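Per mature numbering (1 follows the signal peptide of the UniProt record, and there is no 0): the sequence shown = residues -18 to -1, 1 to 176.
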Amino acid sequence: MRLTIVLIVSLFSGLILAQDDDNASGTQSCNACEVIEKLKAMETRLKESENQILELKSKEKKTVIFSAATGGGKCGPFNTNTTFIYRTAITNIGDAYSPSTGVFVAPVAGVYYFTIFFHAGGKYATLLWLYKNNELVVMTQEHPSTFDTADNGGNAVFLQLVQGDQVYVQLGANTHVWGGDYHTTFSGFLVTEM
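Structure follows, in structure tokens:
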């Protein structure tokens, strides 16, 4: 919008400059060569402005934000460590998180911030790992106890990723979480491009 206003003001400025006072009586005349020369200069400035717009558009930062919940009741226990699929995409700007696989794929290189939170019954163990590609980054866990009825936990991390890196959560073997849409979540967002 600002650029449009600047271009219109430039156009009118050029037209005003193209007018030439011939004499004091107020009659005006234009030298055709001067007008053509000024129009060429304006065309050059317009092309430069268009190139600047294209350059600025190419530098626009990508927005990547997601938050997903498990959906459903109790999740687990499974016999093996299992990639945890958060099926309810609460927010998925940039479509980098897949609710069918549970995997976030970095669309651009940059620093990202991720969180994992869980809610679980107190008498069972809970173990969630957050991975970057196949590398364990952070975890959150709760040991079983007989004296409390529910447990909550979470963790967060900043990760520097390159385009195509995968971030996902695994549920540890023989552990569980509650999967209600309001309890167990996996979220992340792009902090800055690199």
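All C-beta atoms, glycine included, are put in the ideal place defined by N, C-alpha and C.
All values reported here derive from a predicted model rather than from experimental measurement.
If you compare the alpha carbons of 28, 16, 46 and 22 with that of residue 145, the shortest gap goes to 46.
Nearest in C-alpha terms to residue 131, of all of 120, 122, 119 and 160, is 160. For the segment 108 to 153, the continuous beta strand (DSSP E) assignments of 3+ residues that do not extend past its boundaries occur at 108 to 114, 117 to 124, 132 to 143 and 148 to 153, in sequence order. When the five nearest sequence neighbours on each side are left out, the beta carbons in the same chain lying within less than 6 Å of the beta carbon of residue 143 are those of 88 and 94, in order along the chain. By the beta-carbon neighbour count (other beta carbons within 10 angstroms, threshold 16), residue 152 is buried. Approximately 5 Å separates the beta-carbon atoms of residue 139 and residue 120; this is inside 8 Å, confirming the contact. Its chain contains 110, 112, 122, 136, 137, 151 and 168 as the residues whose beta carbon lies nearer than 7 Å to that of residue 98, once the 5 sequence neighbours on both sides are disregarded; these appear in chain order. A residue is called buried once 16 or more other Cβ atoms fall within 10 Å of its Cβ, and residue 158 is buried on that count. The DSSP-derived three-state label of residue 22 is helix. Residue 175: member of the beta strand (DSSP E) spanning 167 to 175, first to last residue. No Cβ-Cβ contact shorter than 9 Å links residue 170 with residue 66.
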